[in-house]
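J.: Here it is: the structure, laid out below.
Residue numbers (UniProt numbering): 1 to 306.
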């Protein structure tokens, strides 16, 4: 599958974005005064998941006109964890994103921002755009479309299960962390669990872990692996998403998440102006088929700016 070689990685600038409520780490590819493509990664990934795509964007010239700013969500990569021992809620990311966009626009002369999201990042970008469409110039979703939903009769069990999980987790918080002898071992474990290419697992694990004198340990917030206490119903998602005029590109992988193809049946109700493409690749096709994804993104952005 075609993708840029990373033997000579594209230069990036590490950033710390100090928001009023939390500190986020990020990487900038391209020149700081260019319009921003804000890249939002998926669950348990980090900013480095966009490194292959950044290399492909540099290769096709997109970074001559734009900068790609890839963040680590709270609790991911090098970013700060949310304080306290409470359950995490996906809608908190929408607040993070709104504060972040206002922060970036203060430093970037209030230029419009293109949102690019993969998986969880795409869900957040889509929900944010539905809520604040005037703050998003274009929306690019990779293996994502709208917030997850489930039937209302599952709400009680979800709440009970989540609370029990978090109570057990808090009882174990004082236990010493688990250390691993090598990064390769962690990468192989993720490769086996997810099927993601081993080279991409190694890229992600390098930022999601830290090396200590005792070995490698996770940086990621362990609460990310616990069940959420709350999930929208379809009716709530439908009410939120209907509808937006923001130009939107949806990129799906031929071997990506099957449920997304079912969600696409509602896309015309939720989005007035969409382009849809199906490319070779799996759920992480922005890594494994970065060249193909970057080409479609370039066509989409340049087509709207001609």
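Don't be surprised by glycine CBs; every beta carbon is placed ideally from N, CA and C. Note that the structure is predicted; figures quoted are calculated from it, not measured.
DSSP beta-bridge partners for residue 372?
T.: The structure shown does not extend to residue 372, since the chain is modelled only from 1 to 306, so the question has no answer here.
J.: Looking only at its own chain, which residues have a Cβ that is under 6 Å from the Cβ of residue 234, when we skip the five neighbours before and after it?
T.: Here the set comprises 149.
J.: Going by other Cβ atoms of all chains shown within 10 Å of its Cβ, with 16 needed for buried, is residue 189 buried or exposed?
T.: exposed
J.: With a Cβ-Cβ cutoff of 7 Å, do residue 72 and residue 204 count as a contact?
T.: No, they are not a contact pair.
J.: Residue 262 lies in the alpha helix (DSSP H); which residues open and close that run?
T.: 258-263
J.: If you pair each beta-carbon of the segment 82-95 with each one of the segment 118-125, do three or more pairs fall below 8 Å?
T.: Contact holds: three or more Cβ-Cβ distances are below 8 Å.
J.: Is the beta carbon of residue 60 sitting closer than 7 Å to the one on residue 298?
T.: yes
J.: Take residue 173 and list the residues in its own chain whose beta-carbon comes closer than 8 Å to its own, dropping the five residues that flank it on each side.
T.: 85
J.: When you compare only the Cα positions, how much space is there between residue 245 and residue 217?
T.: 44 Å
J.: Taking Cβ to Cβ, would you say residue 118 is nearer than 7 Å to residue 19?
T.: no
J.: Can you tell me whether residue 255 is buried or exposed, with buried defined as 16 or more other CB within 10 angstroms of its CB?
T.: exposed
J.: Taking Cβ positions, are residue 27 and residue 12 nearer each other than 7 Å?
T.: yes
J.: Straight-line CA distance for residue 201 to residue 212?
T.: 20 Å
J.: Would residue 96 be called buried (16 or more neighbouring beta carbons within 10 Å of its own) or exposed?
T.: Burial call: buried.
J.: Based on the DSSP output, what are the partners of residue 43 in its beta bridges?
T.: Looking at the DSSP assignment, residue 43 forms no beta bridge with any residue, so it has no partner.
J.: Could you name the residues of the same chain whose beta carbon sits closer than 6 Å to that of residue 130, not counting the 5 residues immediately before and after it, in chain order?
T.: Cβ contact annotation for residue 130 (same chain, cutoff 6 Å, sequence separation greater than five): 240, 241, 244, in chain order.
J.: CB-CB under 6 Å to residue 6, same chain, minus the five flanking residues each way: which ones, in chain order?
T.: For residue 6, the predicted model reports a pLDDT of 46, less than 50, meaning its position is unreliable and no value from the coordinates is stated.
J.: Name the DSSP bridge partner or partners of residue 212?
T.: 215
J.: Taking all protein chains shown into account, decide if residue 138 is buried (16 or more other Cβ within 10 angstroms of its Cβ) or exposed.
T.: Result: buried.
J.: How would you call residue 281, buried or exposed, if buried means at least 16 neighbouring beta carbons within 10 angstroms?
T.: buried
J.: Going by alpha carbons, who is nearest to residue 17 out of 101, 253, 215?
T.: 101
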